[in-house]
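S.K.:
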Amino acid sequence: MAQLLRRRASVASLSASLSAILAIPSTVIPRTAAAAAPTPIRLVRFDSAAAFDAGTHDGALTAGETLTLASGATYGAWTSPLVEPGFLFGRLVPSWNALTPGSSFVQVEVQVRLTTQSGDAGEAAPWYALGTWTEDDTSLTRTSVRGQADAVARVDTDTLVARAAPFAAFALRVTLRRASPTDPTPSVQLVSGVVSSPAGAETFSPHPPNTQRTFSPIELSVPSYSQELHARHFPQWAGGGEAWCSPASTEMVVEYWGHRPTDSQLAWIPTGHPDPTVDYAARATYDAAYRGTGNWPFNTAYAARYGLRAFVTQLRSLAEAEQFLRAGIPLVASIRAAPRELTGFPLSQGTNGHLLVIAGIDAGGNPIVHDPAAPTNATVRRTYDRAQFQRSWLRGSGGTVYVIHPPDMPLPGLPADVTANW
1 MAQLLRRRAS VASLSASLSA ILAIPSTVIP RTAAAAAPTP IRLVRFDSAA AFDAGTHDGA
61 LTAGETLTLA SGATYGAWTS PLVEPGFLFG RLVPSWNALT PGSSFVQVEV QVRLTTQSGD
121 AGEAAPWYAL GTWTEDDTSL TRTSVRGQAD AVARVDTDTL VARAAPFAAF ALRVTLRRAS
181 PTDPTPSVQL VSGVVSSPAG AETFSPHPPN TQRTFSPIEL SVPSYSQELH ARHFPQWAGG
241 GEAWCSPAST EMVVEYWGHR PTDSQLAWIP TGHPDPTVDY AARATYDAAY RGTGNWPFNT
301 AYAARYGLRA FVTQLRSLAE AEQFLRAGIP LVASIRAAPR ELTGFPLSQG TNGHLLVIAG
361 IDAGGNPIVH DPAAPTNATV RRTYDRAQFQ RSWLRGSGGT VYVIHPPDMP LPGLPADVTA
421 NW
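So in the UniProt record's numbering, spot 347 of the sequence shown is number 347, and the numbers just go up one at a time.
Okay, structure coming up:
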């Protein structure tokens, strides 16, 4: 994915007041005695009335299970409690699910704290802007924010990265805005943040480790869309082809769940364009500052427009991905591969950043994927070698995935020996 060449280099618990609110039931999964220590990853989601009520409201209020603006307000903000994941971390990716009718929009910011000499969370750094989000791009600009770097951190499009020292804690803030008190209010259904250890993604190794075992094959019926059929489409939205792997993958999963843009929403796309829903998804995820469609939380926010819950997180292995597949949930995964590193990959030059859908596992434990880099829809479905794929995914992006699912569909149980990463 050409637009990603310039990026991607890079539990204990919440406070006692949140531990009960955000607790997720876990299922014990046996580990071997030789299992390596799992990579520290922690995801915290605020997606319920109880979770939102634990934060600070300033002109925003909790209505049902969502955040909205107070009556007559044109501006409102919600700030999460301080989150201490229980380990030092070097990367933070926020996600949000928001409906922004008319010209309304939301802004998402993150704040971090470094450790003190005693090991506690120290003073707060400034707030960093991670995105201005709106569904409608005709009157407003959907964008990340460039030029944010200081001695503490830098913003890499959608990711906050530590500089001199790792972080000990973080907070999230979402601001809701509308032009007039009588305009429809934006609403927020989810705000989340995923953090991982300071070590670079290249150090990630599977947990549990690869072992010889029998695999029970599974495959989900995900649609197949090739990004290459859209080469040179709409240069104002990154021009299709390799630049559209993320929206093509996201749209495959959105349509797996039975959703898609309406005919009236697709009316601006010229007749004869193949798979116009991919064109629509590309426009709907385009980041003006990044000049591309690969902004991770912009893609999950797009999926959430259809009433789905969607967030970015990191997994530790294909074994964890299998749990989602067996729960009926396909995943969009971010990989990086050198030439000839991933046998069967459609792009001979490899990729410095690419998104595809994990749709199944075969009897040999190899991932069945829907790879939009394929030249045709008929060749999108393919199988990659388990070890090669896992290396390209874990060391390419730290196991980054988009989790997209209906809100009433439970996520798989969490292992007992790892920090919660979904």
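Glycine residues also receive a C-beta, built at the ideal position from the N, C-alpha and C atoms.
Since we're looking at a predicted model, the values are computed, not measured.
When DSSP labels each residue in this structure, what does residue 311 get in the three-state scheme?
M.R.: Here residue 311 sits in strand by DSSP.
S.K.: Consult DSSP for residue 53 and reduce its assignment to one of helix, strand or coil.
M.R.: Looking at residue 53 - three-state DSSP - the assignment turns out to be helix.
S.K.: Quick one: give me the first and last residue of the alpha helix (DSSP H) that residue 266 is part of.
M.R.: Unbroken run through residue 266: none, as it is neither H nor E.
S.K.: Let me confirm a value: residue 149 is counted as buried when at least 16 other C-beta atoms fall within 10 Å, else exposed. Which label applies?
M.R.: It is exposed - the Cβ of residue 149 has fewer than 16 other Cβ atoms within 10 Å.
S.K.: Nearest by alpha-carbon distance to residue 466: which of 226, 223, 143, 313 is it?
M.R.: Here the chain covers residues 1 to 422 and nothing more, so residue 466 does not appear.
S.K.: The ligand NAP and residue 102: does any heavy atom of the ligand fall closer than 7 Å to the residue's C-beta?
M.R.: The ligand NAP is not among the ligands present in this structure, which contains no ligands whatsoever.
S.K.: For residue 321, count neighbouring C-beta atoms within 10 Å of its own C-beta (all shown protein chains included) and say buried if the count is 16 or more, exposed if not.
M.R.: Buried is the call here.
S.K.: Within 10 angstroms of its Cβ, does residue 56 collect 16 or more other Cβ (buried), or is it exposed?
M.R.: By the 10 Å Cβ count, residue 56 comes out exposed.
S.K.: Helix, strand or coil for residue 222, going by three-state DSSP, please let me know.
M.R.: Reduced to three states, the DSSP call for residue 222 is coil.
S.K.: Closest to residue 214 by C-alpha separation, out of 365, 82, 158, would be which residue?
M.R.: It is 365 whose Cα lies nearest to the Cα of residue 214.
S.K.: Can you tell me whether residue 408 is buried or exposed, with buried defined as 16 or more other CB within 10 angstroms of its CB?
M.R.: Flag for residue 408 reads exposed.
S.K.: Would residue 248 pass as a contact of residue 280 if the rule is Cβ separation under 8 Å?
M.R.: Not a contact, by the Cβ cut-off of 8 Å.
S.K.: Can you tell me whether residue 280 is helix, strand or coil according to DSSP?
M.R.: Helix at residue 280.
S.K.: Can we say the region 169-184 touches the region 74-86, given the rule of at least three CB pairs closer than 8 Å?
M.R.: With a cut-off of 8 Å, the region 74-86 and the region 169-184 count as touching, because enough Cβ pairs lie within range.
S.K.: Distance check for residue 253 and residue 217, CA to CA, integer angstroms please.
M.R.: Cα to Cα, the separation comes out at about 20 Å.
S.K.: Kindly indicate which residue of 295, 158, 309, 208 has the alpha-carbon position closest to the one of residue 66.
M.R.: Closest by alpha carbon: 309.
S.K.: Figure out for me which residue from 161, 127, 100 has the closest Cα to the Cα of residue 139.
M.R.: Comparing Cα-Cα distances from residue 139 to each of 161, 127, 100, the minimum goes to 100.
S.K.: In whole angstroms, what separates the C-alpha of residue 164 from that of residue 255?
M.R.: Residue 164 and residue 255: Cα-Cα distance of roughly 43 Å.
S.K.: Do the CB positions of residue 43 and residue 192 come within less than 8 Å of each other?
M.R.: For residue 43 and residue 192, yes; Cβs fall inside 8 Å.
S.K.: Could you check what DSSP says for residue 395 in three-state terms: helix, strand or coil?
M.R.: In the structure shown, residue 395 sits in a helix (DSSP, three-state: H, G or I).
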